[in-house]
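A.B. asks: This is the structure I want to talk about, given as C-alpha cells.
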Amino acid sequence: MGSSLNITVMLGGPSAERDVSLRSGESVAKALRARGHAVTELDPQKPGWKLPAKTDVVFLALHGTYGEDGTVQAELEKLGVPYTGCDAEASRLAFDKVLTKQACVAAKVPTARFTVIETANTSWPRGWNPPLVLKPVRQGSSVGLQFVERVADWSNALAESLRYDSQVLVEERISGRECTVGILDGVALPLVEVRPKNGAYDYRNKYTAGATEYFCPAEFDAATTKRIQDAALGAFAAIGGRDYSRVDVMVRATGEPVVLEVNTLPGMTETSLLPKAAAAAGIGFEDLCEWMVKLALKRKVK
Numbered sequence: 013m014g015s016s017l018n019i020t021v022m023l024g025g026p027s028a029e030r031d032v033s034l035r036s037g038e039s040v041a042k043a044l045r046a047r048g049h050a051v052t053e054l055d056p057q058k059p060g061w062k063l064p065a066k067t068d069v070v071f072l073a074l075h076g077t078y079g080e081d082g083t084v085q086a087e088l089e090k091l092g093v094p095y096t097g098c099d100a101e102a103s104r105l106a107f108d109k110v111l112t113k114q115a116c117v118a119a120k121v122p123t124a125r126f127t128v129i130e131t132a133n134t135s136w137p138r139g140w141n142p143p144l145v146l147k148p149v150r151q152g153s154s155v156g157l158q159f160v161e162r163v164a165d166w167s168n169a170l171a172e173s174l175r176y177d178s179q180v181l182v183e184e185r186i187s188g189r190e191c192t193v194g195i196l197d198g199v200a201l202p203l204v205e206v207r208p209k210n211g212a213y214d215y216r217n218k219y220t221a222g223a224t225e226y227f228c229p230a231e232f233d234a235a236t237t238k239r240i241q242d243a244a245l246g247a248f249a250a251i252g253g254r255d256y257s258r259v260d261v262m263v264r265a266t267g268e269p270v271v272l273e274v275n276t277l278p279g280m281t282e283t284s285l286l287p288k289a290a291a292a293a294g295i296g297f298e299d300l301c302e303w304m305v306k307l308a309l310k311r312k313v314k
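Here the sequence shown is numbered in this note's numbering, starting from 13 and rising by one per residue.
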C-alpha cells in the first residue's frame with residue numbers, strides 16, 4: 013500500500029456475536045501490523061468510546077447489533093472518518109432480514125418464501141408445510157436459528173428465536189446445496205460450498221472446529237456458478253452495498269440459486285469464508301485486509 017497508516021480496528025462490541033468479532037478483529041490487526049501499519053484496537057463495548065486522534069481509517073471488524081446494523085457506521089459518518097465496508101443505510105437494510113428480503117423481491121433476486129411473526133403464542137402459519145426455518149430478524153452468526161421439522165416443534169422453536177429479537181422471520185427450508193459468495197470491489201469471488209458433517213449449518217457447526225467441510229472453489233458447472241454469482245451480486249446491489257460483503261445462497265437441485273441473506277461485515281479470521289474465497293482467487297489474507305482499507309481511503313475527505 014505504500015506509506016504506513018494509523019488504523020483503528022473496532023472489534024468486540026456489545027452484541028451476542030462479541031466473541032466472533034474479537035477473533036475477527038485480532039486477525040485483522042495482526043495482518044495490518046505485519047504490513048507496517050500502526051494499529052490500535054478499540055472495543056466499543058460501552059457507550060462513550062473515542063477514536064484515537066490520529067486515526068486515518070477505521071477497520072470495522074464488528075458483528076451483530078450496533079456494529080453491523082448501521083449504528084456505528086452512522087456515528088463514524090458524523091465524525092467524517094472513513095471506515096471499511098458498507099455505509100450506514102446499506103448496513104441497516106442488510107442487518108434486517110425482512111428489509112433484505114423486500115429489497116431482493118423488488119429487484120427480482122430469487123429468495124425463499126417468507127413471513128414474519130412477532131408473538132410467541134402464534135400458531136403454525138396457515139398454508140405452510142414443514143420443514144421451516146426460523147431466524148431472529150436482526151441477528152447474525154446463526155444466533156437464534158431454528159429448524160422446524162414437525163408442527164409439534166413449532167412453539168418451542170418460535171420461543172427460542174424470539175429470545176433474540178422481537179420479530180422472527182419464517183422461511184421455507186430450501187433443499188439443496190449451501191454456498192456463500194464473497195464480493196470484493198464489485199467482483200464475485202470463487203464460491204465456497206458449506207457441508208456440515210451432521211445437521212444444518214447452525215451456530216454449533218459454524219464455530220466448532222471440524223464440524224463442517226468447506227469446498228472452494230465449489231464444484232458447480234460454469235453456468236450454475238455464474239447464476240449463483242449473479243444472484244449474489246443482485247442482492248448486494250439491492251441493499252446498496254459497497255466495497256465487500258458475503259452473500260449466503262442455497263442452490264436447488266435444478267441449479268436455481270436462492271439468496272438467504274447478505275452479510276455486510278463477514279467474519280475476518282484467516283479461516284473465515286470470505287478470506288477462503290479470496291485465497292482461492294489468489295488474494296492472501298494480508299492483501300485482502302489492505303485492499304479493504306484502500307477502498308475505504310478513497311472516501312477520505314481531503
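Every residue, glycine too, gets a C-beta built ideally from N, C-alpha and C.
On a predicted model such as this, the values are computed, not experimentally measured, just so you know.
Consult DSSP for Gln355 and reduce its assignment to one of helix, strand or coil.
C.D. replies: Residue 355 is absent from the model: the chain starts at 13 and stops at 314.
A.B. asks: Buried or exposed: Asn210, going by 16 or more other Cβ atoms within 10 Å of its Cβ?
C.D. replies: If you number the sequence shown from 1, residue 210 lands on position 198. Answer is exposed; the Cβ neighbour count stays below 16.
A.B. asks: Is DSSP giving Thr266 helix, strand or coil here?
C.D. replies: Mapped onto the sequence shown, residue 266 falls at position 254. Coil.
A.B. asks: By Cβ distance, which residues of its chain are closer than 7 Å to Glu130, with the 5 residues on each side in sequence left out?
C.D. replies: Taking the first residue of the sequence shown as position 1, residue 130 is located at position 118. Excluding residues within five positions, the ones whose Cβ falls inside 7 Å are Ser178 and Gln179.
A.B. asks: Excluding five sequence neighbours on each side, which residues of the same chain lie with their C-beta closer than 8 Å to the C-beta of Val128?
C.D. replies: Counting from 1 along the sequence shown, the entry for residue 128 is found at position 116. Val110, Val149, Gln179, Val180, Leu181 and Val182.
A.B. asks: From which residue to which residue does the alpha helix (DSSP H) around Cys116 run?
C.D. replies: To locate residue 116, count along the sequence shown from 1; it is residue 104. Lys109 to Ala118 is the extent of the alpha helix (DSSP H) around Cys116.
A.B. asks: Which residues in the same chain have their Cβ closer than 7 Å to the Cβ of Ala100, if we skip the five residues on either side of it in sequence?
C.D. replies: For the purposes of this step, residue 100 is identified with residue 88 of the sequence shown, where counting begins at 1. Closer than 7 Å at Cβ, skipping near neighbours: Gly82, Gln85, Ala86 and Glu89.
A.B. asks: Among residues of its own chain, excluding the 5 on either side of Leu157, which ones have a beta-carbon nearer than 6 Å to its beta-carbon?
C.D. replies: Here residue 157 refers to the residue found at position 145 of the sequence shown. Excluding sequence neighbours, Leu157 sits near Lys147 and Asp214.
A.B. asks: How is Ala221 classed by DSSP in three states: helix, strand or coil?
C.D. replies: Translated into positions along the sequence shown, residue 221 becomes position 209. Coil, per DSSP.
A.B. asks: Assuming Met351 is part of the beta strand (DSSP E), what are its boundary residues?
C.D. replies: No information on residue 351 is available, as it lies outside the stretch 13 to 314 that the chain covers here.
A.B. asks: Just verifying my parser: in three-state terms, what is the DSSP assignment at Cys301?
C.D. replies: Along the sequence shown, read from residue 1 onward, the residue named residue 301 stands at position 289. Helix, per DSSP.
A.B. asks: Rank Glu273, Leu307, Lys306 and Glu298 by C-alpha distance to the C-alpha of Glu38 and give the top, closest one.
C.D. replies: Within the sequence shown, numbered from 1, the residue matching residue 38 stands at position 26. The shortest C-alpha separation from Glu38 is found at Glu298.
A.B. asks: Classify Arg189 as buried or exposed, calling it buried when 16 or more other Cβ atoms lie within 10 Å of its own Cβ.
C.D. replies: In the sequence shown, counting from the first residue as 1, residue 189 sits at position 177. Label assigned to Arg189: buried.
A.B. asks: Whole angstroms are fine: how far does the CA of Asn168 sit from the CA of Thr96?
C.D. replies: Taking the sequence shown and counting its residues from 1, one reaches residue 96 at position 84. Taking the sequence shown and counting its residues from 1, one reaches residue 168 at position 156. If you take the alpha carbons of Thr96 and Asn168, they lie about 39 Å apart.
A.B. asks: Taking buried to mean at least 16 other C-beta atoms within 10 Å of its own C-beta, is Arg104 buried or exposed?
C.D. replies: As a working note, residue 104 is residue 92 in the sequence shown. The residue is buried, with at least 16 neighbouring Cβ atoms inside 10 Å.
A.B. asks: Using the Cα positions of Ala106 and Tyr176, report the straight-line distance between them to the nearest angstrom.
C.D. replies: Numbered from its first residue, the sequence shown carries residue 106 at position 94. Numbered from its first residue, the sequence shown carries residue 176 at position 164. Ala106 and Tyr176: Cα-Cα distance of roughly 17 Å.
A.B. asks: Less than 7 Å separating the beta-carbons of Val259 and Cys116?
C.D. replies: The residue you call residue 259 lines up with position 247 of the sequence shown. The residue you call residue 116 lines up with position 104 of the sequence shown. No. Outside cutoff.
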